[in-house]
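Trainee: Terminal number for the sequence shown in this note's numbering: 825, no gaps in between.
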Amino acid sequence: MKFAELAVPVPVYQTYTYEIPPDLESSIRPGYRVIVPLGKRKITGYVVSLTNKCDRTDLKPIYDLLDDSPALLPDLLALARWISEYYICPLGEVIKAMLPGGINLESNIQIKLLKDSQEVHQYVRGKKVPTQEKILNLLLESGHITIQQLRKKIQRSNLIFSVTKLVESGFLSREVILGKAPTGPKYENWIKLSSAYVEISKYNEIINELSQRAPAQASCVKIIYENKEISQRELLKQGGFSNNVITSLLEKGYIEKFQTEVFRSYYSISPSQTQEKIILNEYQKRAIVFLEEAINNGDFKTFLVHGVTGSGKTQVYIEAIKRVLMKGKTAIVLVPEIALTPQTVSRFTANFPNQVAVLHSRMSPGERFDSWRKLKDGDFKIAIGPRSAIFAPLTNIGLIVVDEEHESSYKQMDIKPLYHARDVAVYRGKLNQAVVILGSATPSLESYYNAKIQKYHLIELPQRIDDVPMPEVTIVDMLTQRKRYPRQNVSIFSKVLQDKIVEKLNLNQQIILLQNRRGFSTYIKCKDCGLIEQCENCNITLTYHLTNHTLRCHYCNYTKKAPKVCPNCGGVDILFQGTGTQKVEQEINQLFPEARVVRMDLDTTSKKFAHDRILKDFGAGKYDILLGTQMVAKGLDFQNVTLVGVISADTSLLFPDFRASERTFQLLTQVAGRAGRKFLTGEVYIQTYSPDNMSLKFAKQHNFKQFFLNELPIRNELNYSPFGRLVYILIKGETEEKVKSSAEIFSKCLILPKNLGEILGPIPAPLSKIKKNYRWQLIIKSNKKIDPSGNILRKYLINAIATYKSQKIKRNVKILIDIDPISLL
Ligand code: ADP
Ligand code: ZN
1 MKFAELAVPV PVYQTYTYEI PPDLESSIRP GYRVIVPLGK RKITGYVVSL
51 TNKCDRTDLK PIYDLLDDSP ALLPDLLALA RWISEYYICP LGEVIKAMLP
101 GGINLESNIQ IKLLKDSQEV HQYVRGKKVP TQEKILNLLL ESGHITIQQL
151 RKKIQRSNLI FSVTKLVESG FLSREVILGK APTGPKYENW IKLSSAYVEI
201 SKYNEIINEL SQRAPAQASC VKIIYENKEI SQRELLKQGG FSNNVITSLL
251 EKGYIEKFQT EVFRSYYSIS PSQTQEKIIL NEYQKRAIVF LEEAINNGDF
301 KTFLVHGVTG SGKTQVYIEA IKRVLMKGKT AIVLVPEIAL TPQTVSRFTA
351 NFPNQVAVLH SRMSPGERFD SWRKLKDGDF KIAIGPRSAI FAPLTNIGLI
401 VVDEEHESSY KQMDIKPLYH ARDVAVYRGK LNQAVVILGS ATPSLESYYN
451 AKIQKYHLIE LPQRIDDVPM PEVTIVDMLT QRKRYPRQNV SIFSKVLQDK
501 IVEKLNLNQQ IILLQNRRGF STYIKCKDCG LIEQCENCNI TLTYHLTNHT
551 LRCHYCNYTK KAPKVCPNCG GVDILFQGTG TQKVEQEINQ LFPEARVVRM
601 DLDTTSKKFA HDRILKDFGA GKYDILLGTQ MVAKGLDFQN VTLVGVISAD
651 TSLLFPDFRA SERTFQLLTQ VAGRAGRKFL TGEVYIQTYS PDNMSLKFAK
701 QHNFKQFFLN ELPIRNELNY SPFGRLVYIL IKGETEEKVK SSAEIFSKCL
751 ILPKNLGEIL GPIPAPLSKI KKNYRWQLII KSNKKIDPSG NILRKYLINA
801 IATYKSQKIK RNVKILIDID PISLL
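Dropping the structure here:
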């Protein structure tokens, strides 16, 4: 083939054709990465197809080939195309997001000094050009430097301007060079005996010779002999001698050095626990019958496993994977957040020793790269990880599991493509003729609806394992509590919850408490003038944190010292309003001084393995109370927990979002599900000022179906998903006026036929300013009956983007299109 069609990671909705140089013709294939010139730069591109025909004569040749096997497997390439089309994101950007970060070569601009020091001094003398002078001084030391490195050393806004001036004056040259990929395989030095000395008699000869004159060398040879091969690092550690010992032996030719690749692993490999024998209950068996049939037939089928908390869903996934492996196929398991689910993950690693690659979001680029390659080479058969694990480079996939499929963390929200891993999972299943399992105790309305209309196959596990009863849920009306106990402090802990906590502490049983807000007070307010401190960068009130007495923004991390006097009126009466986890912790310490409490929220879990440690310690009984944000609601399985308390159910209900009641129902049902999971009966207390809310009522009854039947007509009436297709368009930028007018211009470019759907806006977004960016929004609710696949709507959107771009008026304003958004904030 003579020409290659490439996707490049730039925000342009097209592919590029390049000429294939003759020497690369035989090796280049779709899925390979290549280096190509693009404008003045050289960048990594991805080959998506090859062709022999092209009429154009102005094509540039491919510069180089980066891989010796395709970086992207054929099914992932097809998946990338689908994501690119469905989520309206350039193909190159999609592919880049699928591959582990840091493996692409990026070109750099390098500047070089062309004059000597005398000329430099002459040039700067008497001129007021401090930035130029700094640059020149740096270059006098090093000769050349890349712009990237330069930026790190000199942080000034006129950097590029100064460089340009120096280039114009003939002091510098500027050229494009190709950097090194930041990540690649890691090699380590290993040592073995030279082949002439491996035989026992020869080995004894060396030992005899060395033990008198050079005992350290003798012991070194001994260690090597015993290990056959050993890494240099390990050898030095075991022997306790210096590197010279090894150098001498190398010089004598007794030993040899060689390199092997090391596998960088986030987890140190721990010996796998032995599994207790599990006999599936009737519901689990039935589930497996359906799954097994589909697996054996090699059918693409999506199952929704709706099982109450503790009904043994995870065990069903494990059994299904066993059957997939027996067919010689592979599996992907998605979990919402890997750090929060160490128990689930270790059940998989224990069941499938040495076959699981755990992809952790906190992995270093090197660790990620190594797992990725091992999956690609077939060394691992199972990939477990958060949403991006759906791109695991496995071939021959037989099963994809999406655990807790309702979780919002499956939706990518910050960087493009804004994909939903659950929906991508279903499509990847289709491409691979694989079985897809979506599992949850509280399915998303979308998935349950899909099961109802028989797009998915519903499997139900309506009972807990061993017929353990569901916990008894009590809703506590806080208003009544405050009236009934006017003299007592019942604003954070109602009297009933206080009594229950004491009861459980006395029984040595454990307690989980949920307060879905971190920090101490959710805002502070001046009593005199009413000032509430806001973030400088966001339209958000600042949260008061006890640690160092700071005010923090939970959106941009802006932090400042909490004021002692009001910055507005000088008043000294400052009210600390709203309750965060820190305040709850303080209250626990006052009310129950004997209780051992551990807090789990974003602030206590920033360090590596912090989650694991907290959960391990709680599991080992080192604490009585686990207090935290929604982190404590997810998938935890502790037998000794008999009480779950929700400090305030109202935090998520107050969110002005169409999913607020669904979220609240999910969170309450999930956290309630942590109680009484085995021998001991569980109790749940939910405190609220809206005791009549339907989400609370159905959570109390553990009744997902009623919640679904109640919520669905509301969605239907307002044409929200699953009925209407939602598209959220965010227009953001640092100048409010520009954002507003861009939003208006874009909305004029987007004209939909009446029957296709309605457009709401443009209006300022509810979160009207975040990280210095003003935000405006447009919401589309399109008619799925007319346009079931969304293809017609996408055409209108793409046209709107093109028309908008062709006007070339507003700069520094970004437009983000979010297909199937999970929130409209
Ligand atoms: P879910 O994922 O639905 O919350 P799990 O799979 O975590 O439920 O099961 C809950 C608990 O019951 C776990 O401790 C699990 O090991 C155990 N379990 C699951 N299936 C069985 C079974 N058939 N027999 C005995 N114990 C089981
Ligand atoms: Zn902020």
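Ideal Cβ positions, reconstructed from N, Cα and C, are used throughout, including at glycine.
How many Å lie between SER69 and TYR32 at the Cα?
Mentor: Taking the sequence shown and counting its residues from 1, the one referred to as residue 69 is at position 69. Taking the sequence shown and counting its residues from 1, the one referred to as residue 32 is at position 32. Going by the C-alpha atoms only, they are around 7 Å apart.
Trainee: Comparing C-alpha positions only, which one of ARG663, THR44 and GLY312 sits nearest to ILE288?
Mentor: What you label residue 288 is simply residue 288 of the sequence shown in a count that begins at 1. Selected option, being the one with the closest Cα: GLY312.
Trainee: Pull every residue with its beta-carbon under 6 Å away from any heavy atom of the ligand ADP, and keep them in chain order.
Mentor: Answer in sequence order: ILE278, ILE279, LEU280, ASN281, GLN284, GLY307, THR309, GLY310, SER311, GLY312, LYS313, THR314, GLN315, ILE465 and ASP637.
Trainee: By a C-beta neighbour count over all protein chains shown, 10 Å radius and 16 as the cutoff for buried, is ILE43 buried or exposed?
Mentor: Here residue 43 corresponds to residue number 43 of the sequence shown, with the count starting at 1. Flag for ILE43 reads buried.
Trainee: Between the alpha carbons of VAL236 and GLU226, how many angstroms are there, rounded?
Mentor: Your numbering for residue 236 matches position 236 in the sequence shown. Your numbering for residue 226 matches position 226 in the sequence shown. In the sequence as presented, Val is not what sits at residue 236; that position holds Leu. Approximately 15 Å, taken between the alpha carbons.
Trainee: Rank THR651, LEU627, ARG674 and LEU626 by C-alpha distance to the C-alpha of PRO639 and give the top, closest one.
Mentor: Within the sequence shown, residue 639 is the residue found at index 639, counting from 1. The amino acid occupying residue 639 in the given sequence is Gln; Pro does not appear at that position. If we check each option's Cα against that of GLN639, ARG674 comes out closest.
Trainee: If distances are taken between C-alpha atoms only, which option among MET600, GLU209 and ARG487 comes closest to ARG613?
Mentor: Translated into the one-based positions of the sequence shown, residue 613 becomes position 613. Minimum Cα distance to ARG613 is reached at MET600.
Trainee: Between the segment 20-32 and the segment 58-67, are three or more C-beta pairs nearer than 8 Å?
Mentor: The segment 20-32 vs the segment 58-67: in contact.
Trainee: Please identify the residue among ASP67, LYS96, LEU73 and ILE109 whose C-alpha is closest to the C-alpha of ARG41.
Mentor: In the sequence shown, the residue the question calls residue 41 occupies position 41. Nearest option by C-alpha distance: ILE109.
Trainee: Hey, could you find the ends of the beta strand (DSSP E) CYS526 is sitting in?
Mentor: Here residue 526 refers to the residue found at position 526 of the sequence shown. Start and end: 523-526.
Trainee: With H, G and I counted as helix, E and B as strand and the rest as coil, what does DSSP make of GLN590?
Mentor: Translated into the one-based positions of the sequence shown, residue 590 becomes position 590. Reduced to three states, the DSSP call for GLN590 is helix.
Trainee: Look up GLN582 in the DSSP assignment and say whether it is helix, strand or coil.
Mentor: Within the sequence shown, residue 582 is the residue found at index 582, counting from 1. Of the three classes helix, strand and coil, the one that applies to GLN582 here is helix, per DSSP.
Trainee: Do you know offhand how far ARG725's Cα is from PRO821's?
Mentor: In the sequence shown, counting from the first residue as 1, residue 725 sits at position 725. In the sequence shown, counting from the first residue as 1, residue 821 sits at position 821. Cα to Cα, the separation comes out at about 9 Å.
Trainee: For CYS538, is the beta carbon positioned less than 6 Å from some heavy atom of the ligand ZN?
Mentor: Translated into the one-based positions of the sequence shown, residue 538 becomes position 538. It does: the Cβ of CYS538 is within 6 Å (strictly closer) of some heavy atom of the ligand ZN.
Trainee: DSSP puts ASN189 in a beta bridge; with which residues?
Mentor: As a first step, residue 189 is located in the sequence shown; it is residue number 189 there, counting from the start. Answer by DSSP bridge pairing, in chain order: GLN259.
Trainee: So does TYR523 have its beta carbon nearer than 6 Å to some heavy atom of the ligand ZN?
Mentor: As a working mapping, residue 523 is identified with position 523 in the sequence shown. Answer for TYR523: no, Cβ out of range of the ligand ZN.
Trainee: For ALA800 and LEU793, I'd like the C-alpha separation in whole angstroms.
Mentor: Counting from one through the sequence shown, the residue named residue 800 turns up at place 800. Counting from one through the sequence shown, the residue named residue 793 turns up at place 793. Computed Cα separation, rounded: 11 Å.
Trainee: For GLY578, which option in SER648, ASN557 and GLY757 has the closest C-alpha, if you only look at C-alpha atoms?
Mentor: The residue labelled residue 578 in the question sits at position 578 within the sequence shown. The candidate whose alpha carbon is nearest that of GLY578 is SER648.
Trainee: For PHE161 and THR146, what's the separation of their Cα atoms in angstroms?
Mentor: Here the question's residue 161 lines up with position 161 in the sequence shown. Here the question's residue 146 lines up with position 146 in the sequence shown. Those two C-alpha atoms are separated by around 15 Å.
Trainee: Please report the distance separating the alpha-carbon of GLN481 from that of VAL490.
Mentor: For this step, residue 481 is matched to residue 481 along the sequence shown. For this step, residue 490 is matched to residue 490 along the sequence shown. If you take the alpha carbons of GLN481 and VAL490, they lie about 7 Å apart.
Trainee: Going by beta carbon distance, what residues of the same chain come within less than 6 Å of MET470, once the five residues before and after it are set aside?
Mentor: For the purposes of this step, residue 470 is taken as residue 470 along the sequence shown, with counting starting at 1. Cβ neighbours of MET470 beyond the five flanking positions: HIS702.
Trainee: Would you give the residue range spanned by the alpha helix (DSSP H) that SER491 belongs to?
Mentor: Within the sequence shown, numbered from 1, the residue matching residue 491 stands at position 491. Careful: SER491 lies outside any alpha helix (DSSP H) and carries neither H nor E.
Trainee: For the pair the segment 344-354 and the segment 410-428, tell me if three or more CB-CB distances fall below 8 Å.
Mentor: Contact between the segment 344-354 and the segment 410-428 is absent, because fewer than three Cβ pairs lie under 8 Å.
Trainee: Give me the Cα-Cα distance between THR735 and ASN568, rounded to the nearest whole angstrom.
Mentor: Counting from 1 along the sequence shown, the entry for residue 735 is found at position 735. Counting from 1 along the sequence shown, the entry for residue 568 is found at position 568. If you take the alpha carbons of THR735 and ASN568, they lie about 26 Å apart.
Trainee: Please return the same chain residues whose Cβ sits closer than 8 Å to the Cβ of VAL632, not counting the five positions on each side in sequence.
Mentor: In the sequence shown, counting from the first residue as 1, residue 632 sits at position 632. The residues are ILE512, LEU513, LEU514, MET600, LEU626, VAL671 and ARG674.
Trainee: Using only the alpha-carbon positions, how far apart do TYR555 and SER806 sit?
Mentor: Locating residue 555 in the sequence shown gives position 555, where the first residue counts as 1. Locating residue 806 in the sequence shown gives position 806, where the first residue counts as 1. Spanning the two alpha carbons is a distance of roughly 34 Å.
Trainee: Quick check on GLU736: does DSSP put it in helix, strand or coil?
Mentor: What you label residue 736 is simply residue 736 of the sequence shown in a count that begins at 1. Reduced to three states, the DSSP call for GLU736 is helix.
Trainee: Can you tell which of LYS327, ASN548, TYR317 and GLU188 has its C-alpha closest to the C-alpha of THR260?
Mentor: In the sequence shown, counting from the first residue as 1, residue 260 sits at position 260. Checking every option, the nearest Cα to that of THR260 belongs to GLU188.
Trainee: For a test of your reading of the model: does the CB of TYR555 fall under 6 Å from any non-hydrogen atom of the ligand ZN? Yes or no.
Mentor: In the sequence shown, the residue the question calls residue 555 occupies position 555. It does: the Cβ of TYR555 is within 6 Å (strictly closer) of some heavy atom of the ligand ZN.
Trainee: Do the CB positions of GLN498 and THR642 come within less than 7 Å of each other?
Mentor: By one-based count along the sequence shown, residue 498 stands at place 498. By one-based count along the sequence shown, residue 642 stands at place 642. Going by C-beta atoms, GLN498 is not nearer than 7 Å to THR642.
Trainee: What does DSSP give as the partner residues of TYR16 in its beta bridges?
Mentor: Reading the sequence shown from its first residue, position 16 is the one you call residue 16. TYR16 is bridged to LEU6.
Trainee: DSSP on GLU229, reduced to helix/strand/coil?
Mentor: Walking along the sequence shown from the start, residue 229 turns up at place 229. Strand at GLU229.
Trainee: Hey, which unbroken runs of the beta strand (DSSP E) at 3 residues or more fall wholly within the segment 598-654?
Mentor: The segment 598-654 contains these whole beta strand (DSSP E) runs: 625-628 and 641-646.
Trainee: Check the C-beta distance from ILE295 over to ALA320 and give it rounded, since I have them as a contact under 8 Å.
Mentor: Here residue 295 refers to the residue found at position 295 of the sequence shown. Here residue 320 refers to the residue found at position 320 of the sequence shown. Going by Cβ atoms, the distance from ILE295 to ALA320 rounds to 7 Å, so yes, they are a contact pair.
Trainee: With H, G and I counted as helix, E and B as strand and the rest as coil, what does DSSP make of HIS549?
Mentor: Along the sequence shown, read from residue 1 onward, the residue named residue 549 stands at position 549. Reduced to three states, the DSSP call for HIS549 is helix.
Trainee: Is there contact between the segment 193-212 and the segment 150-159, where contact requires at least three CB pairs shorter than 8 Å?
Mentor: With a cut-off of 8 Å, the segment 150-159 and the segment 193-212 do not count as touching, because too few Cβ pairs lie within range.
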